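Take any residue in the sequence shown, note its place counting from 1, add 403, and you have its number in our numbering.
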Amino acid sequence: MDFSLIRPEQSRPTQSLCLLGASGSVGGTAVRYLKRNPGMSLESVSVHSSIEKLQQLLQEFRPALACISHEDAYDYAIEGLKQDYPQVRFFRGSDGLVEMVRESEADTVLTAVVGACGIRATVAGIESGKKIALANKETLVTAGPAIQALPAFAGGSQSTACIIPVDSEHNSLFQLLEGQNPEHVQRVLLTASGGPFREWSVERIQNARREEVLNHPTWTMGPKITVDSAGMINKGLELIEARFLFACQPEELDVRIHRNSVVHSMIQLKDGSFHLSCSHPDMIFPVAHTLHYPESVPTPHREMSFPESWPALSFEMVEEDRFPGFALCRKAMELGGTAPAVLNAANEVAVDAFLKDQIKFSEIPRWIEGALQDQEIRQTTELEDLIAADEKTRRDLARRLSTSGVGG
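In structure tokens form, the structure reads like this:
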């Protein structure tokens with residue numbers, strides 16, 4: 404267990420930001436925080452296809468660079484954007500996202516895009532020596548072995564690159580582990596709300612409708628992440644991410660369902676004691692901590708009440724028969740190599756199919772399990788090998804979906 408990716412000694416408070424995924428949930432939180440902190444500039448920004456959101460940001464923050472990662476949306480809007488904002492350089496598609504990061508003069512890249520498209524952009528930021536505020540799970544889930552092997556994170560590296568996690572559980576875990584002797588830590592635990600189906604029978608979950616899946620009891624998130632959370636796959640992906648972020652072994656990682664969503668992570672020391680990190684379930688906390696780290700500044704929020712006014716804190720084991728996707732994430736983490744990349748790609752394809760009413764919610768883990776069985780699992784630290792595994796899985800599952808019909 405170590406901080407070889409986080410490299411806290413290299414972090415500096417953010418002065419200028421390259422925000423990838425400004426129209427998403429985390430990106431929106433970052434934008435609101437920037438409005439409250441005029442000393443922190445938005446130097447470059449991306450959206451996927453939300454042209455209206457991009458126009459608002461260009462008008463308010465006047466960034467130097469902007470990217471539209473959806474190529475059709477770029478082609479549709481670019482002429483008008485160039486006329487209205489001639490001082491802005493525009494970039495197109497996922498390749499443009501990488502190019503924008505490389506050319507950005509921002510000191511920090513906040514990777515808040517959803518899915519595997521954020522991997523190359525994050526790597527570009529690392530290779531440019533930037534601080535990475537990482538909110539994209541797939542960067543480490545798909546490409547964790549390659550990220551660990553980057554020269555920037557080698558012993559004795561002079562790079563100024565570092566990765567500070569934005570995800571609430573990983574951010575709180577970082578704060579708990581900071582200053583601890585890794586040899587004293589027995590295991591780390593992430594918490595989960597349990598999603599909308601924590602009281603449902605397995606049979607009822609099998610037939611959950613889309614609107615029920617998207618009704619999360621605690622967090623307001625985008626549709627893909629909300630679906631992941633409903634099946635606890637989101638928490639399984641976070642386990643894999645934590646393995647690489649903190650250089651943990653699979654047996655050192657665990658999850659507990661915590662319905663209050665007050666405790667975000669825990670560590671258990673070898674002396675038997677537990678240390679907990681608590682805050683309101685509001686992404687403003689990890690976003691503010693990440694951008695200002697290593698400094699600590701007051702964050703505009705409703706103050707946390709003293710513990711006697713909290714609800715009783717309870718923790719439960721994850722029932723893997725209720726959440727088979729979570730068990731598959733554990734399996735992929737233990738297999739290592741390309742297995743997490745295969746799992747993540749299969750999940751993205753299956754979730755997209757569910758959101759389009761092509762498959763049932765209960766079929767998502769079946770498609771993932773089939774991919775883990777069908778795809779060749781290789782041990783590698785090469786980024787191109789990991790991305791190739793991701794792309795092949797997507798192609799194969801898309802072909803199967805197109806030939807199997809609705810309900811696969």
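Note that beta-carbon positions come from the ideal geometry of N, C-alpha and C, so glycine has one too.
What you are looking at is a predicted structure, and each value in this text was computed from that prediction instead of being measured.
Candidates Ile566, Pro727, Gly424 and Pro416, of which the one nearest isoleucine 771 by Cα
Here the question's residue 771 lines up with position 368 in the sequence shown. The shortest C-alpha separation from isoleucine 771 is found at Pro727.
Are the beta-carbon atoms of alanine 515 and alanine 645 separated by less than 8 Å?
Along the sequence shown, read from residue 1 onward, the residue named residue 515 stands at position 112. Along the sequence shown, read from residue 1 onward, the residue named residue 645 stands at position 242. If you check the CB distance, alanine 515 and alanine 645 do not come in under 8 Å.
Take glutamate 615 and list the residues in its own chain whose beta-carbon comes closer than 7 Å to its own, dropping the five residues that flank it on each side.
Counting from 1 along the sequence shown, the entry for residue 615 is found at position 212. Shown here for glutamate 615: same chain residues with a beta carbon closer than 7 Å to its own, the five before and five after excluded, namely Pro599 in chain order.
In the DSSP assignment, find the beta strand (DSSP E) that holds aspartate 657 and state where it starts and stops.
Numbered from its first residue, the sequence shown carries residue 657 at position 254. Segment 656 to 660, the beta strand (DSSP E) holding aspartate 657.
Do threonine 784 and alanine 549 have their beta-carbon atoms positioned less than 8 Å apart in this structure?
Against the sequence shown, residue 549 aligns to sequence position 146. Against the sequence shown, residue 784 aligns to sequence position 381. Taking 8 Å as the Cβ cut-off, alanine 549 and threonine 784 qualify as a contacting pair.
Classify histidine 573 as helix, strand or coil using the three-state DSSP reduction.
The residue labelled residue 573 in the question sits at position 170 within the sequence shown. Correct three-state label for histidine 573: helix.
Grab me the residues of aspartate 793's own chain with a C-beta within less than 6 Å of its C-beta, minus the 5 sequence neighbours each way, in chain order.
Reading the sequence shown from its first residue, position 390 is the one you call residue 793. Excluding sequence neighbours, aspartate 793 sits near Ala519, Thr545, Ala744 and Ala748.
Since histidine 695 is in the alpha helix (DSSP H), which residue starts that stretch and which ends it?
By 1-based counting over the sequence shown, the position of residue 695 is 292. Element bounds for histidine 695: 687 to 695.
For the putative contact between glycine 528 and valine 504, defined by C-beta atoms under 8 Å, what is the C-beta separation to the nearest angstrom?
As a working mapping, residue 528 is identified with position 125 in the sequence shown. As a working mapping, residue 504 is identified with position 101 in the sequence shown. In this structure glycine 528 touches valine 504 by the C-beta definition: roughly 5 Å separates them, less than 8 Å.
Using the beta-carbon count (16 or more within 10 Å), is histidine 587 buried or exposed?
For this step, residue 587 is matched to residue 184 along the sequence shown. It counts as exposed.
Counting pairs of Cβ atoms below 8 Å between the stretch 634 to 653 and the stretch 594 to 610, do you hit three or more?
Because the criterion of three Cβ pairs below 8 Å is met, the stretch 634 to 653 and the stretch 594 to 610 touch.
Return yes when the Cβ of serine 414 is within less than 8 Å of the Cβ of tyrosine 696, no when it is not.
Position 293 of the sequence shown, counting from 1, holds the residue named residue 696. Position 11 of the sequence shown, counting from 1, holds the residue named residue 414. Result yes, Cβ atoms of tyrosine 696 and serine 414 sit closer than 8 Å.
Would you report the Cα separation of aspartate 799 and valine 752, rounded to the nearest angstrom?
The residue you call residue 799 lines up with position 396 of the sequence shown. The residue you call residue 752 lines up with position 349 of the sequence shown. CA-CA distance, aspartate 799 to valine 752, rounds to 10 Å.
Quick check on valine 616: does DSSP put it in helix, strand or coil?
In the sequence shown, counting from the first residue as 1, residue 616 sits at position 213. It is helical.
State the Cα-Cα distance for the pair glycine 424 and glycine 431, rounded to the nearest angstrom.
As a working mapping, residue 424 is identified with position 21 in the sequence shown. As a working mapping, residue 431 is identified with position 28 in the sequence shown. Those two C-alpha atoms are separated by around 9 Å.
Beta-carbon gap between phenylalanine 729 and glutamate 737 smaller than 8 Å
Indexing the sequence shown from 1 puts residue 729 at position 326. Indexing the sequence shown from 1 puts residue 737 at position 334. By the CB criterion at 8 Å, phenylalanine 729 and glutamate 737 fall outside the cutoff.
Between methionine 669 and the rest of its own chain, which residues show a CB-CB distance below 6 Å, the 5 nearest in sequence each way excluded?
To locate residue 669, count along the sequence shown from 1; it is residue 266. Same-chain partners within the cutoff: Leu592, Phe677 and Leu679.
Helix, strand or coil: how does DSSP classify glutamine 413 here?
Taking the sequence shown and counting its residues from 1, one reaches residue 413 at position 10. Correct three-state label for glutamine 413: helix.
Under the assumption that leucine 408 contacts phenylalanine 647 (Cβ atoms under 8 Å), give the Cβ distance between them as a whole number of angstroms.
Taking the first residue of the sequence shown as 1, we reach residue 408 at position 5. Taking the first residue of the sequence shown as 1, we reach residue 647 at position 244. A Cβ-Cβ separation of about 7 Å places leucine 408 in contact with phenylalanine 647 under the 8 Å criterion.
In angstroms, rounded to a whole number, what distance separates the CA positions of isoleucine 836 and glycine 739?
The chain is shown only over 404 to 811; residue 836 falls outside these bounds and no answer can be derived.
Is it buried or exposed, alanine 557, if we count other Cβ atoms within 10 angstroms and call 16 or more buried?
By 1-based counting over the sequence shown, the position of residue 557 is 154. By the neighbour-count definition (other C-beta atoms within 10 Å, threshold 16), alanine 557 is an exposed residue.
Residues in its own chain within less than 8 Å of phenylalanine 359 by CB, not counting five upstream and five downstream?
There is simply no residue 359 to check, as the chain begins at 404 and stops at 811 in what is shown.
Decide if glutamine 778 is buried, meaning its Cβ has at least 16 other Cβ atoms within 10 Å, or exposed.
The count along the sequence shown starts at 1 and reaches residue 778 at position 375. Buried, since its Cβ has 16 or more Cβ neighbours within 10 Å.
What does DSSP give as the partner residues of proline 568 in its beta bridges?
In the sequence shown, residue 568 corresponds to position 165, counting from 1. In DSSP, proline 568 forms a bridge with Leu537.
Just checking my contact of asparagine 574 with threonine 702 at CB under 8 Å: how many whole Å lie between their CB atoms?
On the sequence shown, residue 574 is found 171 positions in, with the first residue counted as 1. On the sequence shown, residue 702 is found 299 positions in, with the first residue counted as 1. At roughly 13 Å, the Cβ-Cβ gap does not stay under 8 Å, so asparagine 574 and threonine 702 are not in contact.
Pull up the CB-CB distance for arginine 590 and glutamine 671, whole angstroms please, since I reckon it's below 8 Å.
In the sequence shown, the residue the question calls residue 590 occupies position 187. In the sequence shown, the residue the question calls residue 671 occupies position 268. Their Cβ separation, rounded to whole angstroms, is 5 Å, which keeps arginine 590 and glutamine 671 in contact under 8 Å.
So, under 8 Å CB-CB, glutamate 474 and arginine 495 are touching, yes? Tell me the CB distance rounded to an integer number of Å.
If you number the sequence shown from 1, residue 474 lands on position 71. If you number the sequence shown from 1, residue 495 lands on position 92. Between glutamate 474 and arginine 495 a beta carbon distance of about 6 Å is seen, short of the 8 Å cut, so the two are scored as contacting.
List the residues that DSSP assigns as beta-bridge partners of methionine 669.
Counting from 1 along the sequence shown, the entry for residue 669 is found at position 266. Leu592 and Leu679.
Of all the options Thr741, Val700, Ser699 and Ala480, which has the alpha carbon lying nearest to the alpha carbon of alanine 791?
Reading the sequence shown from its first residue, position 388 is the one you call residue 791. Selected option, being the one with the closest Cα: Thr741.
Start and end of the beta strand (DSSP E) containing cysteine 520?
Looking up residue 520 in the sequence shown gives position 117. Cysteine 520 -> no beta strand (DSSP E), and no H or E assigned at all.
Do valine 690 and valine 517 have their CB atoms nearer than 8 Å?
On the sequence shown, residue 690 is found 287 positions in, with the first residue counted as 1. On the sequence shown, residue 517 is found 114 positions in, with the first residue counted as 1. Against a cut-off of 8 Å, the Cβ pair of valine 517 and valine 690 comes out as no contact.
Excluding the 5 residues flanking serine 571 on each side, which residues of the same chain have their C-beta closer than 6 Å to its C-beta?
Translated into the one-based positions of the sequence shown, residue 571 becomes position 168. The answer, listed in chain order, is His667 and Pro689.
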